[in-house]
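To convert, count from 1 in the sequence shown and add 3; that's this note's numbering.
Heads up, the beta-carbon is just placed ideally off N, CA and C, and yes, glycines get one too.
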Amino acid sequence: MSQEVLERRSELLKKNIHQMLVQDNQHGISRQDNMFLQQMIRELHQTSHELNTKS
C-alpha cells in the first residue's frame, strides 16, 4: 500500500479505537464489540509497522 493510504488507514483506526474506548469507559461494550476493538488495535499495530518500514 502507498504511504498515503497507510497514513489514512492509521488515522481512521485511531479515530474508531478512540470512539470505542470512550463508549467502553462510559457504558461498557459487548463481547463482540470488544473482539472488534482488539482486531482494530492489531490492525493499527500492523499499519504502524508498515509505515515505519516504508519510511
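For residue i, collect the residues of the same chain with a Cβ closer than 7 Å to its Cβ; drop the 5 residues on either side in sequence, then sort them by chain order.
{"i": "LEU16", "result": "MET43, GLU46, LEU47 and THR50"}
{"i": "ASN19", "result": "MET43"}
{"i": "ASP36", "result": "MET23"}
{"i": "GLN26", "result": "ILE32"}
Return helix, strand or coil for residue i, following the three-state DSSP convention.
{"i": "SER13", "result": "helix"}
My assumption, with CB atoms under 8 Å, is that residue i sits in contact with residue j. Please give the rounded CB distance.
{"i": "GLU14", "j": "LEU54", "result": "11 Å between Cβ atoms; not a contact."}
Ordered along the chain, which non-local residues of its own chain (more than five positions away) have a Cβ less than 8 Å from that of residue i?
{"i": "MET4", "result": "ARG12 and GLU53"}
{"i": "LYS57", "result": "GLN6 and LEU9"}
Which residues in the same chain have their Cβ closer than 6 Å to the Cβ of residue i, if we skip the five residues on either side of it in sequence?
{"i": "MET23", "result": "LEU40"}
Report the residue ranges of all alpha helix (DSSP H) runs contained in full by the stretch 22-57; include only those spanning at least 4 residues, in chain order. Here the runs fully enclosed are 34-57.
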